[in-house]
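Each residue of the sequence shown is one higher than the last, beginning at 195 in our numbering.
Here a beta-carbon is modelled for each residue, glycine too, at the ideal position from N, C-alpha and C.
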Amino acid sequence: MTLDRKWQITEPPPPGFRLDLGFLGSGVRGTLPARLLWNRGVRTNSDVAEYFSSGMDDFLDPLILPDMAKAVDRLHRAIQEDETVGVFGDFDVDGLTGTAIMLRAIRSLGGKAVPYIPNRETDGHGLSNQAIDSFLSAGVSLITTVDTGSTAVEEIAYAQTLGIDTVVTDHHLIETERPAAIAIVNPHVGSEDSDESVDYSGAGVAFKLAQALCSAASAPFPEDLLPLAALGTIADIVPLVSENRTLVREGLRILGQTDLPGLRALLDISRAPGASGRPTAELISFYVAPRLNAPGRMGDAEPSLQILSTDDVSEARALADRLDADNTKRRSLSEKAWEHASTQFSPNSDDPIVAVNCDGFPMGLLGPLAGRLNELTGKPAIAYQHVDGFARASCRSNTVLDLHAALSTHSDKFERFGGHARAAGFSIKNDLLADLLDDLRKHAAWGALGAPAVPTLHADAEVRLEDLTVSTWNFVSAMEPFGEANREPVLVTYGARPLDVRTVGVGGKHLKISFDADGRRIESIGFGLGDRDLGTGTVDIIFQLRSEVWRGKTRHQLGLRDIRPSKG
Numbered sequence: 195m196t197l198d199r200k201w202q203i204t205e206p207p208p209p210g211f212r213l214d215l216g217f218l219g220s221g222v223r224g225t226l227p228a229r230l231l232w233n234r235g236v237r238t239n240s241d242v243a244e245y246f247s248s249g250m251d252d253f254l255d256p257l258i259l260p261d262m263a264k265a266v267d268r269l270h271r272a273i274q275e276d277e278t279v280g281v282f283g284d285f286d287v288d289g290l291t292g293t294a295i296m297l298r299a300i301r302s303l304g305g306k307a308v309p310y311i312p313n314r315e316t317d318g319h320g321l322s323n324q325a326i327d328s329f330l331s332a333g334v335s336l337i338t339t340v341d342t343g344s345t346a347v348e349e350i351a352y353a354q355t356l357g358i359d360t361v362v363t364d365h366h367l368i369e370t371e372r373p374a375a376i377a378i379v380n381p382h383v384g385s386e387d388s389d390e391s392v393d394y395s396g397a398g399v400a401f402k403l404a405q406a407l408c409s410a411a412s413a414p415f416p417e418d419l420l421p422l423a424a425l426g427t428i429a430d431i432v433p434l435v436s437e438n439r440t441l442v443r444e445g446l447r448i449l450g451q452t453d454l455p456g457l458r459a460l461l462d463i464s465r466a467p468g469a470s471g472r473p474t475a476e477l478i479s480f481y482v483a484p485r486l487n488a489p490g491r492m493g494d495a496e497p498s499l500q501i502l503s504t505d506d507v508s509e510a511r512a513l514a515d516r517l518d519a520d521n522t523k524r525r526s527l528s529e530k531a532w533e534h535a536s537t538q539f540s541p542n543s544d545d546p547i548v549a550v551n552c553d554g555f556p557m558g559l560l561g562p563l564a565g566r567l568n569e570l571t572g573k574p575a576i577a578y579q580h581v582d583g584f585a586r587a588s589c590r591s592n593t594v595l596d597l598h599a600a601l602s603t604h605s606d607k608f609e610r611f612g613g614h615a616r617a618a619g620f621s622i623k624n625d626l627l628a629d630l631l632d633d634l635r636k637h638a639a640w641g642a643l644g645a646p647a648v649p650t651l652h653a654d655a656e657v658r659l660e661d662l663t664v665s666t667w668n669f670v671s672a673m674e675p676f677g678e679a680n681r682e683p684v685l686v687t688y689g690a691r692p693l694d695v696r697t698v699g700v701g702g703k704h705l706k707i708s709f710d711a712d713g714r715r716i717e718s719i720g721f722g723l724g725d726r727d728l729g730t731g732t733v734d735i736i737f738q739l740r741s742e743v744w745r746g747k748t749r750h751q752l753g754l755r756d757i758r759p760s761k762g
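Now the structure itself:
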């Protein structure tokens, strides 16, 4: 299924805009470096220094986070008094990596910690009485939540009746009553207006707590945990600015030489044979994170936590093989779910949302499916299924609809709900679903006023292929890590001349083209573009600059986002 997309080039900086890039910009033709940085909020030379800065000195004091001192005090006391700490984490990559961070931090300081990761199918999201009872049986006297807990009012009250204290670490928005926890370490509680406020992921908050714990115990800075924080931060798509950028940049650097066997095994199995080089955010997003997510999406995320927690090389390799097999199964089921969903909507429909029923598929597949629908249509997407009298749904959106705000107006009707502006989930009685979807349609229709009628691909600049040099690729590489709020540069070339065109992959699904660049050949790959009718003349392309290390040699190519015959 293909939907035509509009291409839109971002407005250039004002005439005369210049930046002192020193050696970073050497060899790059034209004003492209300054334009790319302008599009990412860099306005001055001091901004340049901050954008490209690196090192451990860039980490903020963890005690600026709300309730951090209280959390450290209670956890430090638990470690000193030989209490057992229960670590409850969510089942996605952010929650899993954050849980592994807390387990490793507490144990490294001599403490005792036991984990609980809920089963997506039987437990659902969030802290539950069932989990608390399990902790009680394990002798837990203090629970620390990771990536969840800010709205667990009743559950934390239940834990109190059993004599169990709770420290909440989370990053989700709180619209309701706050639980009576010992501490709620959440960047969205009371510090939104601070100049040093950071929109951390759940793993990011857990890392800041680990940092504070180690400092309180006069232990070294826990840099070995940074790769885990980087994985969670990338996977949860939080803005890669401020300290998040530092977490990911330093985490990826350390990940390339990590001694943690689980992370090493994940890298090895996620890379193509012969590929090497330093880990990138792209490698994490498209290859490592899906494997970590796969067991949880099928139901039980326990193997994913095990691979992040183990120190045994053989166990790590066996777990990596299992995660890889689960990911293969997930991909197969995802395609079946997509085929099922595709019969329920038309990309060109006037309906301001896309809502599809996914009964019979694992709940964990609904979020990615909704994301795929949102990307295809440019509309807010809801994938739901009926279970035991309730409709359980995952939602994905763009700027047209703030999901969290829209769903919050119905908070009294949900069994549970939560999330962010662009990704959310809910559970509601079956007979209330239709009215909810109608209301979301109204919100989306209002938000879509003035929005593009078709999905839009945004580009940074128009370039000539002959102006792309190795220095251009190197400069873009220096801009990493890429992610939310620091998007990978996208470029447009009009009138590119193909030298040869061929389709590759099963069923010719993908496209490989060699382009002429004033006598040089530039290779390209376009995933999912194999069905395009390009004619025999020049083409217009929108693309990203890609590099890979293959058998020790660096190869540069274009990653095509879209392609079409040139007009005129």
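For my contact list, residue i and residue j are in at a C-beta cut-off of 8 angstroms; report their separation, rounded to the angstrom.
{"i": "ALA172", "j": "GLY292", "result": "Outside the shown range of the chain, which is 195 to 762, sits residue 172, and nothing can be said about it."}
{"i": "ILE716", "j": "LEU662", "result": "7 angstroms"}
{"i": "SER508", "j": "ILE428", "result": "Actually they do not touch by this definition, with Cβ atoms about 28 angstroms apart."}
{"i": "ALA564", "j": "SER588", "result": "5 angstroms"}
{"i": "ALA575", "j": "ASN568", "result": "4 angstroms"}
{"i": "SER621", "j": "PHE676", "result": "Not quite, the Cβ-Cβ distance comes to about 34 angstroms (not below 8 angstroms), so this is no contact."}
{"i": "PRO256", "j": "LEU419", "result": "Not really, about 13 angstroms apart at Cβ, beyond 8 angstroms."}
{"i": "ALA265", "j": "GLY305", "result": "About 14 angstroms; that fails the 8 angstroms criterion."}
At what residues does the beta strand (DSSP E) containing residue i begin and finish?
{"i": "ILE716", "result": "714-720"}
{"i": "PRO759", "result": "747-759"}
{"i": "ASP734", "result": "733-744"}
{"i": "GLY619", "result": "617-623"}
{"i": "LEU336", "result": "334-340"}
{"i": "ILE203", "result": "200-203"}
Return the residue from the list the options that minimises the CA-CA distance to residue i.
{"i": "VAL743", "options": "SER671, ILE757, GLY561", "result": "SER671"}
{"i": "ASP654", "options": "SER741, PRO208, LEU226, HIS534", "result": "LEU226"}
{"i": "ASN426", "options": "ALA483, VAL383, ILE547, ASN592", "result": "First, the residue type needs correcting, since residue 426 is Gly and not Asn in the sequence shown. For GLY426, the nearest C-alpha among the options comes from ALA483."}
{"i": "PRO416", "options": "ALA400, ILE431, ILE428, ALA429", "result": "ALA400"}
{"i": "LEU752", "options": "GLY702, PRO692, ALA639", "result": "PRO692"}
{"i": "HIS382", "options": "LEU259, ALA617, LEU254, ARG566", "result": "LEU259"}
{"i": "SER220", "options": "HIS750, TRP667, ARG755", "result": "TRP667"}
{"i": "PHE285", "options": "PRO497, ASP393, ASN438", "result": "PRO497"}
{"i": "LYS761", "options": "LEU739, ALA690, ALA711", "result": "ALA690"}
{"i": "ALA325", "options": "TYR310, THR339, THR338, ARG314", "result": "TYR310"}
{"i": "ARG590", "options": "ARG616, PHE253, ARG458", "result": "ARG616"}
{"i": "ASN542", "options": "PHE721, GLY729, THR571", "result": "THR571"}
{"i": "ARG229", "options": "ALA243, PRO206, TYR245, SER247", "result": "PRO206"}
{"i": "THR338", "options": "GLY445, ARG223, GLY280, THR522", "result": "GLY280"}
{"i": "LEU634", "options": "ILE368, HIS598, MET673, GLY612", "result": "HIS598"}
{"i": "ALA413", "options": "GLU437, LEU330, ILE300", "result": "ILE300"}
{"i": "ASN323", "options": "LYS306, ALA307, GLY343", "result": "GLY343"}
{"i": "ASP267", "options": "LEU631, PRO649, LEU336", "result": "LEU336"}
{"i": "PRO373", "options": "VAL392, ALA353, GLU476", "result": "ALA353"}
{"i": "ARG740", "options": "LEU269, THR474, LEU446", "result": "THR474"}
{"i": "LEU527", "options": "THR650, PRO562, ASP505", "result": "PRO562"}
{"i": "VAL686", "options": "LEU705, ALA711, SER665, HIS652", "result": "HIS652"}
{"i": "PRO546", "options": "GLN538, THR603, TRP640", "result": "TRP640"}
{"i": "THR537", "options": "CYS552, ARG525, ASP544", "result": "CYS552"}
Along the chain, where does the alpha helix (DSSP H) that runs through residue i open and close?
{"i": "ILE378", "result": "No alpha helix (DSSP H) contains ILE378, which is instead part of the beta strand (DSSP E) from 377-379."}
{"i": "TYR245", "result": "239-246"}
{"i": "ARG458", "result": "455-464"}
{"i": "VAL347", "result": "347-355"}
{"i": "VAL670", "result": "664-672"}
{"i": "ALA228", "result": "226-232"}
{"i": "LEU407", "result": "396-410"}
{"i": "HIS598", "result": "597-602"}
{"i": "LEU651", "result": "Element bounds for LEU651: not the alpha helix (DSSP H) but the beta strand (DSSP E), 650-653."}
{"i": "MET492", "result": "483-492"}
Would you list the one or two residues that DSSP bridges to residue i?
{"i": "PHE709", "result": "PRO692, ILE716"}
{"i": "VAL507", "result": "The partner list for VAL507 (beta bridge, DSSP) is empty, contrary to what the question assumes."}
{"i": "CYS589", "result": "ILE576, ALA618"}
{"i": "PHE611", "result": "PHE620"}
{"i": "THR427", "result": "THR427 pairs with nothing; no bridge assigned."}
{"i": "THR440", "result": "Bridge partners of THR440: none, in fact."}
{"i": "VAL362", "result": "THR339, ILE378"}
{"i": "LEU685", "result": "ALA655, PHE737"}
{"i": "VAL800", "result": "Residue 800 cannot be examined here, being either before or after the span of the chain that is shown, 195 to 762."}
{"i": "PHE584", "result": "VAL581, LYS623"}
{"i": "GLY677", "result": "ASN680"}
task: Counting only runs of 4+ residues fully inside the region 255-323, write out the alpha helix (DSSP H) ranges in chain order.
output: 262-274, 287-302
- prompt: Can you list, in chain order, the stretches of the alpha helix (DSSP H) that have 4 or more residues and sit fully within the region 527-573?
  reply: 560-571
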